[in-house]
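The working numbering puts the last residue of the sequence shown at 444; the count rises by one with no breaks.
Step one of this worksheet: look at the structure below.
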Amino acid sequence: MKLTVTVITYNEAAHIAAALESVAWADEIIVVDSGSTDGTAEIARAKATRVIVREWRGYSAQKNFAADQAANEWVLSMDADERVTPALAAEIRALMVKGPEARGYRIKRVSRYLGHWIRTTDWFPDYQLRLYDRRAGRWNGLRIHESFRLEDTTPGTLRKETPGTLREELEHYAYRDVTHHVQKINHYTTLIVDQWVEEGRQTSLAQVVVHPLGAFLRNYIARGGIRQGAAGLIVSALNSYYVFLKFAKLWERQRRG
188 MKLTVTVITY NEAAHIAAAL ESVAWADEII VVDSGSTDGT AEIARAKATR
238 VIVREWRGYS AQKNFAADQA ANEWVLSMDA DERVTPALAA EIRALMVKGP
288 EARGYRIKRV SRYLGHWIRT TDWFPDYQLR LYDRRAGRWN GLRIHESFRL
338 EDTTPGTLRK ETPGTLREEL EHYAYRDVTH HVQKINHYTT LIVDQWVEEG
388 RQTSLAQVVV HPLGAFLRNY IARGGIRQGA AGLIVSALNS YYVFLKFAKL
438 WERQRRG
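So, in structure tokens, the structure goes:
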């Protein structure tokens, strides 16, 4: 079976070349760019099969559009700050030769942070359904936290379909440094709260206190951040800050009415 790789981008000049080089073996590479101003599209044109410039319409909408442009039924969706390792590439290629047994596959993602591969905290194993038959479902989600949902199309069936799981890892280079990490947390939590407000979600000061504390203890103690030294501590603290900011921003919105 042939495979199409899709990537959605916006101002990813620092990452896009390495991302596309890691999937140069694919039968087709499609990049959907949202009007980058840093040369991302130009860099991508040298390495991708097609580069399509399309205004930003949300994560799920962009990823569904990219999949719809694919010449092949099987799609590997990746982000510009990710890399397919040689081991993962070999596993995917072998699967395409053998023929997939499932209609979608989860891949565990491992993040590089402060010079370490983070294999503790909520960051690992960060399973993502990224390899799929594009006829088998759609990307869902409003502003953030999009996910591909397999849909069982058997007549008269309502059950949720179970994806397969690959062994190898997808590398993730999300944050340049702590400052960049904090900036992204601020951006993403605003998107989440916008969505929560639309859904009518409510919070309280007690949740503003309790949820972040629980998040820190879960990340640092229960999920092993303590074993990864300073990097584990910082990831745990910032994961807690992420939770704090979500609930604090929602509480503030409620006060404003």
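Beta carbons: idealized from backbone N, C-alpha and C, even for Gly.
query	result
For a minimum of 3 consecutive residues, which ranges assigned as the beta strand (DSSP E) are wholly contained in the segment 188-247?	190-196, 215-220, 237-240
V395 and W438 - do their beta-carbons sit closer together than 8 Å?	yes
By Cβ distance below 8 Å, which residues in the same chain neighbour A418 in space, the five residues on each side in sequence not counted?	Y300, L301, G302, H303, I305
Report the rounded CA-to-CA distance for L345 versus R317, giving the unit in angstroms.	With a pLDDT of 49 at L345, under the threshold of 50, the predicted position of this residue should be treated as unreliable, and no value is reported.
Express the C-alpha separation of A274 and K285 in angstroms, rounding to a whole number.	17 Å
Roughly how far, in whole angstroms, is the beta-carbon of G238 from the beta-carbon of A254, given that I think they are within contact range, below 8 Å?	Residue identity differs from the one stated: residue 238 is Val in this sequence, not Gly. So it is not a contact: roughly 16 Å between Cβ atoms.
In chain order, what residues of the same chain lie with their CB nearer than 6 Å to the CB of T308, ignoring the 5 residues before and after it?	N406, R410, G412, V422, S423
Would you mind giving the Cβ-Cβ distance between G222 and V194, rounded to the nearest angstrom? I have them listed as a contact below 8 Å.	Not quite, the Cβ-Cβ distance comes to about 15 Å (not below 8 Å), so this is no contact.
Under the rule that 16 or more other beta-carbon atoms within 10 Å means buried, what is M188, buried or exposed?	exposed
Just checking my contact of A200 with G226 at CB under 8 Å: how many whole Å lie between their CB atoms?	5 Å
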